[in-house]
Amino acid sequence: GNSVTQMEGPVTLSEEAFLTINCTYTATGYPSLFWYVQYPGEGLQLLLKATKADDKGSNKGFEATYRKETTSFHLEKGSVQVSDSAVYFCALSDSNYQLIWGAGTKLIIKP
Amino acid sequence: DTGVSQDPRHKITKRGQNVTFRCDPISEHNRLYWYRQTLGQGPEFLTYFQNEAQLEKSRLLSDRFSAERPKGSFSTLEIQRTEQGDSAMYLCASSLWGRESSDYGYTFGSGTRLTVV
Chain B
1 GNSVTQMEGP VTLSEEAFLT INCTYTATGY PSLFWYVQYP GEGLQLLLKA TKADDKGSNK
61 GFEATYRKET TSFHLEKGSV QVSDSAVYFC ALSDSNYQLI WGAGTKLIIK P
Chain X
112 DTGVSQDPRH KITKRGQNVT FRCDPISEHN RLYWYRQTLG QGPEFLTYFQ NEAQLEKSRL
172 LSDRFSAERP KGSFSTLEIQ RTEQGDSAMY LCASSLWGRE SSDYGYTFGS GTRLTVV
């Protein structure tokens, strides 16, 4: 069946460091891939998405590229800020547009 | 459109009481989803509607949980005879689905945090 695996957290970085949060998936067909972010005490927000192989999603300095050959959708940012501290969820959308979620990765950015 | 609205934001209830939550989706969205999230975990699917029809319900969902979307607009989620294990954040999301619609992902509400004491 479909599944999403994310790197375990927490991930702790200093401000302005480079960020990578790994995400790999298992799916039949050609799912869409998403990154959602959840700030403390808030609901989930769509951060970025990619709908087909080699697509790059980007938003707020974050990027992720849909890699079909490695079944990955790693999240990257060149220079993180304290305000990026949150939980990040990788997800895929199956053929019926149901979301399959990773377990989430908590990101802590220290000043 | 102000996005997906959920009410209330917080609810504290005594064990054994019934609670009802409301979700108002984005008006043009035809799909509405309910999820439950506990601390440190990802969202757990509960159920979803397409228009007024409830198309899927999680096998993990107890009979104490029921959801409705009577006119294909807002939805309610009721939990009867609450238990301490029901304490969680209940999230609602909506999306636009159709043969020709693109997969834009879900829009989530801010959630209702339930505490059963």
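Those protein sequences? They're chains B and X, same order as listed. Our numbering puts the first residue of the first sequence at 1, with every later residue one more than the last. Our numbering puts the first residue of the second sequence at 112, with every later residue one more than the last. Just so you know, even glycine gets a beta-carbon here, dropped at the ideal spot from N, CA and C. The model shown is predicted, which means the values in this text are computed figures rather than measured ones.
Element boundaries [beta strand (DSSP E), containing residue i]
i: residue 164/X; result: 164–168
i: residue 156/X; result: 155–161
i: residue 59/B; result: 56–59
i: residue 19/B; result: 19–21
i: residue 88/B; result: 86–93
i: residue 146/X; result: 142–148
i: residue 208/X; result: Note, residue 208/X: premise wrong, no beta strand (DSSP E); not H, not E.
i: residue 77/B; result: 75–77
i: residue 179/X; result: 176–179
i: residue 122/X; result: 121–124
i: residue 173/X; result: Neither: residue 173/X is in no beta strand (DSSP E) and is coded neither H nor E.
i: residue 6/B; result: 3–6
i: residue 63/B; result: 62–65
Neighbour-count burial assignment, residue i, 16 or more Cβ in a 10 Å radius
i: residue 205/X; result: buried
i: residue 28/B; result: exposed
i: residue 230/X; result: Since the first and last residues shown for chain X are 112 and 228, residue 230/X lies out of range.
i: residue 39/B; result: exposed
i: residue 32/B; result: buried
i: residue 121/X; result: exposed
i: residue 64/X; result: As displayed, chain X neither begins before 112 nor continues past 228, which places residue 64/X out of reach and without an answer.
i: residue 218/X; result: buried
i: residue 158/X; result: buried
i: residue 30/B; result: exposed
i: residue 171/X; result: exposed
i: residue 41/B; result: exposed
i: residue 125/B; result: This structure does not reach residue 125/B, given that chain B is present from 1 up to 111, and the question cannot be answered.
i: residue 61/B; result: exposed
i: residue 84/B; result: buried
Cutoff 8 Å; reference residue i; Cβ partners in own chain excluding five residues on either side
i: residue 124/X; result: 130, 193, 225, 226, 227 and 228
i: residue 126/X; result: 193, 194, 195, 227 and 228
i: residue 216/X; result: 206
i: residue 208/X; result: 141, 142 and 161
i: residue 114/X; result: 137, 218 and 220
Residues near residue i in its chain [Cβ-Cβ closer than 7 Å; skip 5 each side]
i: residue 12/B; result: 108 and 110
i: residue 69/X; result: Any property of residue 69/X remains undetermined from this structure, which presents chain X solely from 112 to 228.
i: residue 221/X; result: 117 and 120
i: residue 202/X; result: 146, 148, 154, 219, 220 and 222
i: residue 100/B; result: 2, 3, 4, 91, 92 and 94
Proximal residues to residue i (C-beta, below 6 Å), its chain only, five neighbours per side dropped
i: residue 188/X; result: 132, 145 and 178
i: residue 71/B; result: 24 and 25
i: residue 160/X; result: 143 and 180
i: residue 68/B; result: 53
i: residue 16/B; result: 79
| said: For the pair the stretch 7–25 of chain B and the stretch 185–199 of chain X, tell me if three or more CB-CB distances fall below 8 Å. | reply: At 8 Å Cβ cutoff, the stretches do not touch.
| When you check each C-beta in the stretch 133–152 of chain X against every C-beta of chain B, which residues fall closer than 9 Å? | Hits within the stretch, in order: 142, 144, 146, 148, 151 and 152.
| query | Is the stretch 87–102 of chain B touching the stretch 33–49 of chain B, taking contact as three or more C-beta pairs under 8 Å? | reply | Short answer: they touch.
| request: For the stretch 194–205 of chain X, enumerate the residues whose C-beta is nearer than 7 Å to any C-beta of chain B, in chain order. | output: Residues passing the 7 Å Cβ filter: 202.
| query | Does the stretch 93–102 of chain B come within contact of the stretch 75–84 of chain B, defined as at least 3 CB pairs closer than 8 Å? | reply | With a cut-off of 8 Å, the stretch 75–84 of chain B and the stretch 93–102 of chain B do not count as touching, because too few Cβ pairs lie within range.
| If you pair each beta-carbon of the stretch 173–189 of chain X with each one of the stretch 139–147 of chain X, do three or more pairs fall below 8 Å? | A contact exists between the stretch 173–189 of chain X and the stretch 139–147 of chain X.
| the stretch 46–62 of chain B: positions lying closer than 9 Å to chain X by Cβ | Per Cβ criterion, the list reads 46, 49 and 51.
| Is the stretch 100–108 of chain B touching the stretch 1–10 of chain B in the sense that three or more CB pairs, one from each, lie closer than 8 Å? | Flag = yes, the stretch 1–10 of chain B and the stretch 100–108 of chain B touch.
| query | Given a limit of 7 Å on CB to CB distance, which residues of the stretch 3–35 of chain B reach chain X? | reply | Considering only beta carbons, the part of the stretch 3–35 of chain B lying closer than 7 Å to chain X consists of 32 and 34, in chain order.
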